[in-house]
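Asker: Going by this note's numbering, the letters in the sequence shown line up with residues 4 to 213, in that order.
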Amino acid sequence: MSDFQKILSADLPRYLQDLQSLVNIDCETRSKPGVDRAAAYLRERFREFGAQVQEFPQEKYGDMFYARWQGKGKSRIVLLGHSDTVYPDGTVAQFPFRRDGSRAYGPGVIDMKSGLLLGLYALRALLQTGFENFGEIGLFCNSEEEIGSPVSHDLYPTFVRGANAALVLDPARGDVSEIDRGDCGRKLEIDATHALISPLRTLSALRKNF
Numbered sequence: 004m005s006d007f008q009k010i011l012s013a014d015l016p017r018y019l020q021d022l023q024s025l026v027n028i029d030c031e032t033r034s035k036p037g038v039d040r041a042a043a044y045l046r047e048r049f050r051e052f053g054a055q056v057q058e059f060p061q062e063k064y065g066d067m068f069y070a071r072w073q074g075k076g077k078s079r080i081v082l083l084g085h086s087d088t089v090y091p092d093g094t095v096a097q098f099p100f101r102r103d104g105s106r107a108y109g110p111g112v113i114d115m116k117s118g119l120l121l122g123l124y125a126l127r128a129l130l131q132t133g134f135e136n137f138g139e140i141g142l143f144c145n146s147e148e149e150i151g152s153p154v155s156h157d158l159y160p161t162f163v164r165g166a167n168a169a170l171v172l173d174p175a176r177g178d179v180s181e182i183d184r185g186d187c188g189r190k191l192e193i194d195a196t197h198a199l200i201s202p203l204r205t206l207s208a209l210r211k212n213f
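1. Can you give me the start and stop residues for the alpha helix (DSSP H) that F7 sits inside?
2. Going by alpha carbons, who is nearest to L19 out of R102, D29, Q55?
3. Could you spell out the range, first to last residue, of the alpha helix (DSSP H) harbouring E47?
4. Any idea if V26 is buried or exposed, counting beta-carbon neighbours within 10 angstroms, 16 or more meaning buried?
5. Run through the DSSP bridge pairs and tell me what I80 is partnered with.
6. Q55: which of D21, L142, G118 sits nearest, CA to CA?
7. State the start and end residues of the unbroken beta strand (DSSP E) segment that holds F68.
8. In angstroms, rounded to a whole number, what distance separates the CA positions of P160 and D194?
9. Considering only C-alpha positions, which residue in the set L120, R40, T132 is nearest to R83?
10. Classify R189 as helix, strand or coil using the three-state DSSP reduction.
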């Protein structure tokens, strides 16, 4: 067993305690107080594990943050995650965190509270082995991913642009997904007429632009 694996094994009980505490926070996207509590819990852990944390307070949605560690190399690596869930307030009271053998249950336990903590504990273990061959490793945590990131989509380029690698900590199927679906938005400004004015002479704006 490598030093990295030994550290992770030793940290497992504390990881599970953190997971239980985080899962037992109701934090549906539109419940700003709940999402703020989840983000505050995460920020405290990131700072405890040696990260510099920059906060991005929000008015409508939960507060966001960017945590970073500095190394002695050149590469910049970005991790991405979110602190909100789809479960409404009151879910924890009916469906709190529990474990059954090797499985854990609770609102947001997979998507994506376990992923955020896995990233944190993996980075902590990596740094404890003495690994410093990186310029910066950072994690951006947004608060409204479950409804399409209406605010944070403008913040993502700040952290992702120019990075040598990016890893999304959202769940897959136990493997690392190199390619996945996504979405994008377009805003078009055109001068148009109704096609029925002269259907044989007009052009399709969609075909023309795409």
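Cβ coordinates follow ideal geometry from the N, Cα and C atoms, glycine included.
Answerer: According to the structure data:
1. 6 to 26 is the span of the alpha helix (DSSP H), which, as asked, contains F7.
2. The shortest C-alpha to C-alpha distance from L19 to any of R102, D29, Q55 is the one to R102.
3. Per DSSP, E47 belongs to the alpha helix (DSSP H) from 35 to 51.
4. Buried, because 16 or more other Cβ atoms sit within 10 Å of the Cβ of V26.
5. Listed as beta-bridge partners of I80 by DSSP are I140, A168.
6. It is L142 whose Cα lies nearest to the Cα of Q55.
7. Residues 67 to 73.
8. Distance between the alpha carbons of P160 and D194 is about 31 angstroms.
9. The question names Arg, but residue 83 in the sequence shown is Leu. For the residues L120, R40, T132, the minimum Cα distance to L83 belongs to L120.
10. DSSP, reduced to helix, strand and coil, places R189 outside both helices and strands of the structure shown, so it counts as coil.
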